[in-house]
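Encoded as structure tokens, the structure appears first; notes follow it.
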Amino acid sequence: MAERGFVAKTTMLIRKDLLVEARARDTLPPMLAFCLTVALLLAFSIPGNTVMQDAVEIPIGTVALADVIAGFLWITILFAGLIGFARTFEVERADGALDALLLVPLDRSGLFAAKAVSNLVYIAVVQVFLVPVFALFFSLSLGADWLVLVLVIALVDIGFVAIGTLFASLAAQTRSRELILPVLALPGLVPIFIAAVELTSDLFLGGGLETVAARGWFGILLLFDLVFVTVGALAFEFAID
Amino acid sequence: MNEAAGPSDHGCIELAELSVSYGSTLALRPVDLTLYEGVTGLFGPNGAGKSTLLRVLAGLLRPSSGRATLFGKEIRASSESIRRRIGYVGHESGLYPRLSVIENLTLFANLYGVPSTRVDDVLERLDMSERRIAQVGALSAGLARRVAVARALLHEPDVLLLDEPYANLDDDAAERVSAAVLDWRAPGRVAVIATHGAKRVKAFADAGIIIQRGAVISYRRKSATGYEVAT
Numbered sequence: 348m349a350e351r352g353f354v355a356k357t358t359m360l361i362r363k364d365l366l367v368e369a370r371a372r373d374t375l376p377p378m379l380a381f382c383l384t385v386a387l388l389l390a391f392s393i394p395g396n397t398v399m400q401d402a403v404e405i406p407i408g409t410v411a412l413a414d415v416i417a418g419f420l421w422i423t424i425l426f427a428g429l430i431g432f433a434r435t436f437e438v439e440r441a442d443g444a445l446d447a448l449l450l451v452p453l454d455r456s457g458l459f460a461a462k463a464v465s466n467l468v469y470i471a472v473v474q475v476f477l478v479p480v481f482a483l484f485f486s487l488s489l490g491a492d493w494l495v496l497v498l499v500i501a502l503v504d505i506g507f508v509a510i511g512t513l514f515a516s517l518a519a520q521t522r523s524r525e526l527i528l529p530v531l532a533l534p535g536l537v538p539i540f541i542a543a544v545e546l547t548s549d550l551f552l553g554g555g556l557e558t559v560a561a562r563g564w565f566g567i568l569l570l571f572d573l574v575f576v577t578v579g580a581l582a583f584e585f586a587i588d
Numbered sequence: 016m017n018e019a020a021g022p023s024d025h026g027c028i029e030l031a032e033l034s035v036s037y038g039s040t041l042a043l044r045p046v047d048l049t050l051y052e053g054v055t056g057l058f059g060p061n062g063a064g065k066s067t068l069l070r071v072l073a074g075l076l077r078p079s080s081g082r083a084t085l086f087g088k089e090i091r092a093s094s095e096s097i098r099r100r101i102g103y104v105g106h107e108s109g110l111y112p113r114l115s116v117i118e119n120l121t122l123f124a125n126l127y128g129v130p131s132t133r134v135d136d137v138l139e140r141l142d143m144s145e146r147r148i149a150q151v152g153a154l155s156a157g158l159a160r161r162v163a164v165a166r167a168l169l170h171e172p173d174v175l176l177l178d179e180p181y182a183n184l185d186d187d188a189a190e191r192v193s194a195a196v197l198d199w200r201a202p203g204r205v206a207v208i209a210t211h212g213a214k215r216v217k218a219f220a221d222a223g224i225i226i227q228r229g230a231v232i233s234y235r236r237k238s239a240t241g242y243e244v245a246t
């Protein structure tokens, strides 16, 4: 039998992770429960008669509702993601499978890619659930700009899972990994999530693709994605070894 | 069984001034050793440093000083060509408890590029064919141990490193494991089997190392006249 290539082996590991999660349900249910609880609590913190306004139109001393709701959305995603990422290597640690995995003839970047894609699937499922919940609770209406929001979410997710997976591999080797992961990952994630809030806020205020693409934050997001994916793939070997 | 395969003078694994420390604790004192083809038993009480030595040989633990070479190449887990030649079973099974026996072994067979018929072969050899669809998490510790040994043998490695492979096994199962190792044994292949119960491995080992408190206190190789001191 001819030995399979990098992509085929990486795909096998992704399939394994998703199959294990489908049976164990250790990662997604806690992430979804966290999201629903936080969204519900936040919904009660916004008065029912508030409306979205552009920042230039709001009185001094008040805040733009679009910024607040975009902030709520991304903070919820951030912490739901950290809950999930902390469990990234639990499936490998449980019975020492990590040792067996580290010995298979696959480049470490393949292990990184498999874990990152698995995390991407988890965070995407969370967002598919959370964004409609936010739309319902906060009366969001984006019209055709939903697709632009999907683009922004996809770009944020790439950097988020890259840095989250890298630091999850470091945190997995410590006893208090759930505590260590946010300490390690949050400083690197701050620029991505500021960009996410700024761009999402623009969309909530009626800005379309042109508005979003013209913002400096869009370029920053692309840059950080590139840097984090590259650093993640290269540094993973040292982190996991 | 390949009973004819015996000890030879081909050094497969060489350790030079190799030591391992965990913080201020010296887990393995500086050791110089050459391991030859065949089966070497690694004996010693709990905490002697057997598992540490095996992890270094597998490339899973970086030594604090000195070097270890496998067939002349430095052992590093990051080297794919080295990894491909190693079969390792640690203290734990190294399997996914939520996957079945066949799913676990097929996954590793595919990762190593081994035909799926080989999975059936190793399961048969370890008398685990009837448990192929059982989830590993539902198996007893002894049965999971046998699947772990099957996983290590799947890709027919040149170096087999087994850490307490007889743990939780009944006599019949232990005999199966020993038979599987003897079947695997061939010229140019080296196995290191760590155990604190020496009797079972001594029955077929070509060499034996006794390790205590991180220091190798005895290394003997089988010869025509008995066991001779080796270096």
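Order-wise, the sequence lines are chains A and B. For the first sequence, the working numbering begins at 348 and goes up steadily by one. For the second sequence, the working numbering begins at 16 and goes up steadily by one. The beta-carbon is built from N, C-alpha and C at its ideal position, and this holds for glycine as well. Predicted model only: the values in this text are computed from it and were never measured.
Going by beta-carbon coordinates alone, are residue i and residue j separated by less than 9 Å?
i	j	result
G15/B	D446/A	Nothing in the structure corresponds to residue 15/B, since chain B is present only between 16 and 246.
P452/A	E350/A	yes
W564/A	I587/A	no
G511/A	F571/A	no
K501/A	G555/A	Just to set this straight, residue 501/A is Ala in the shown sequence, not Lys. Going by C-beta atoms, A501/A is not nearer than 9 Å to G555/A.
L50/B	V196/B	no
G64/B	L85/B	no
A218/B	S193/B	yes
M378/A	A427/A	yes
L114/B	M359/A	no
I226/B	F123/B	no
L375/A	V472/A	yes
V530/A	L546/A	no
G53/B	R200/B	yes
A239/B	L450/A	no
D442/A	Y111/B	yes
L517/A	L429/A	no
K88/B	S79/B	no
L48/B	I224/B	yes
H106/B	D185/B	no
R548/A	A444/A	Residue identity check: residue 548/A is Ser in the sequence provided, not Arg. Their beta carbons are not under 9 Å apart, which means S548/A does not touch A444/A by this criterion.
V35/B	L76/B	yes
L158/B	R147/B	no
P180/B	T210/B	yes
V499/A	G418/A	no
L383/A	F476/A	yes
Can you tell me the Cβ-Cβ gap for residue i and residue j, rounded? I've got them flagged as a contact below 8 Å.
i	j	result
E32/B	G81/B	4 Å
A188/B	R215/B	That belief does not hold up - the Cβ atoms of A188/B and R215/B are roughly 11 Å apart, past 8 Å.
L568/A	V503/A	7 Å
V46/B	V231/B	5 Å
A213/B	R236/B	No, A213/B and R236/B are not in contact; Cβ-Cβ is about 15 Å, not under 8 Å.
T121/B	V137/B	Rounded, the Cβ-Cβ distance is 12 Å, inconsistent with contact.
A220/B	T40/B	In fact, because the Cβ distance is near 29 Å, the residues do not count as touching under 8 Å.
F485/A	I416/A	5 Å
T357/A	G457/A	5 Å
V116/B	V151/B	6 Å
Would you list the one or two residues that DSSP bridges to residue i?
i	result
T374/A	Paired residues: none, contrary to the question.
A230/B	Q227/B
I28/B	L50/B, L85/B
V35/B	L43/B
R77/B	Per DSSP, none; premise fails for R77/B.
K237/B	Y242/B
L57/B	A209/B, I224/B
So does the region 431 to 441 of chain A actually touch the region 477 to 484 of chain A, counting three or more Cβ pairs closer than 8 Å? Here the region 431 to 441 of chain A makes no contact with the region 477 to 484 of chain A; the two share fewer than three CB pairs at distances below 8 Å.
Between the region 160 to 180 of chain B and the region 93 to 109 of chain B, are three or more C-beta pairs nearer than 8 Å? Touching, yes, given that three or more Cβ pairs across the two stretches are closer than 8 Å.
Whole alpha helix (DSSP H) elements within the region 92 to 116 of chain B, 4-residue minimum: Listed in chain order, the complete alpha helix (DSSP H) runs (minimum 4 residues) inside the region 92 to 116 of chain B are 95 to 98.
Below 8 Å, how does it come out for the region 415 to 423 of chain A and the region 139 to 148 of chain B: are there three or more Cβ pairs, yes or no? Here the region 415 to 423 of chain A does not lie against the region 139 to 148 of chain B, with fewer than 3 beta-carbon pairs under 8 Å apart.
Touching or not, the region 364 to 373 of chain A and the region 383 to 390 of chain A, by the rule of three or more beta carbon pairs under 8 Å? For the pair of segments examined, the region 364 to 373 of chain A was found not to touch the region 383 to 390 of chain A: the number of CB pairs separated by less than 8 Å stays below three.
Runs of alpha helix (DSSP H) lying entirely within the region 135 to 218 of chain B, each at least 4 residues, in chain order: As far as the region 135 to 218 of chain B is concerned, its whole alpha helix (DSSP H) runs of at least 4 residues are 156 to 168, 186 to 199, 213 to 217.
Every unbroken alpha helix (DSSP H) within the region 505 to 580 of chain A, with a cutoff of 4 residues, ordered by chain: Residue ranges of uninterrupted alpha helix (DSSP H) with 4 or more members, entirely inside the region 505 to 580 of chain A and ordered along the chain, are 524 to 551, 556 to 561.
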